[in-house]
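In our numbering, the protein residues as written are 56 to 264. Every residue gets a Cβ at the ideal spot worked out from N, C-alpha and C, and that includes glycine. To start, the structure itself, in structure tokens.
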């Protein structure tokens, strides 16, 4: 049995609910958060507050080719390169309209660390950047904050959802204004008006207890 890879995650989201917003950008990426439930992977709401020791993974798909790099800034204030890596998959070349799983191996990420919000940074580049030991810069998790259930959403869906969780533009990213975030069921779509001519970063914040 392959070992689980330890990480802790969180989210802040600014989605446009109108699906027509997706047409603003011809360049699209779709990311889905999945959790292991009763021995099977299930897509979950990106604003769901996760429990300690939950096993999770991501599915990623784009309508353009490039190279994918994923890092994590945990609530323990540690930065980790999640992908590519020997134990999570070394081939980070992505082709247009093909779905990928992160980690690319048969393992999973295990939620760990103090309660709060971790920042998972997704960097997409048109050219290979090598294997940097240090992750690309990401926002620090919100300090002294713990996830809180939205009472309205809890009554409606019966789950602890935190509206401060989900994908968002990286605050220091040069192309942040070009990105539009759209919620489609349990998936998140990031749409860009500009073609991928240079690397850009967006963040996926995950909330956990």
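{"Item": "Residue 253 to residue 117 span [Cα, whole Å]", "Value": "16 Å"}
{"Item": "Residue 91 vs residue 159 beta-carbon contact at 8 Å", "Value": "no"}
{"Item": "Cα-Cα separation, residue 167 to residue 246", "Value": "31 Å"}
{"Item": "N- and C-terminal bounds of the beta strand (DSSP E) containing residue 98", "Value": "95-98"}
{"Item": "Under 8 Å between C-beta atoms of residue 121 and residue 181", "Value": "yes"}
{"Item": "Reduced DSSP secondary structure (H/G/I, E/B, other) of residue 173", "Value": "strand"}
{"Item": "Distance between residue 81 and residue 129 (C-alpha atoms, nearest Å)", "Value": "32 Å"}
{"Item": "Residue 117 (DSSP reduced to helix, strand or coil)", "Value": "strand"}
{"Item": "Exposure of residue 112, with buried meaning 16 or more beta-carbon neighbours within 10 Å", "Value": "buried"}
{"Item": "Sequence-distant residues of its chain with Cβ nearer than 6 Å to residue 242 (five each side left out)", "Value": "85 and 87"}
{"Item": "Simplified DSSP state of residue 129, which is helix, strand or coil", "Value": "coil"}
{"Item": "DSSP-derived helix/strand/coil call for residue 251", "Value": "coil"}
{"Item": "DSSP-derived helix/strand/coil call for residue 256", "Value": "strand"}
{"Item": "Alpha carbon of residue 123 to alpha carbon of residue 141, nearest angstrom", "Value": "15 Å"}
{"Item": "Buried/exposed call for residue 143, threshold 16 Cβ in 10 Å", "Value": "buried"}
{"Item": "Helix, strand or coil at residue 162 according to DSSP, with G and I counted as helix", "Value": "coil"}
{"Item": "Spatially closest choice to residue 103 from 145, 146 and 172, by CA coordinates", "Value": "172"}
{"Item": "C-beta atoms of residue 89 and residue 114 nearer than 8 Å", "Value": "yes"}
{"Item": "Backbone CA spacing between residue 229 and residue 150 [nearest angstrom]", "Value": "With a pLDDT of only 46 at residue 229, under 50, the local geometry of the prediction cannot be trusted, and no value is derived from it."}
{"Item": "Three-way DSSP call (helix, strand, coil) for residue 151 in this model", "Value": "coil"}
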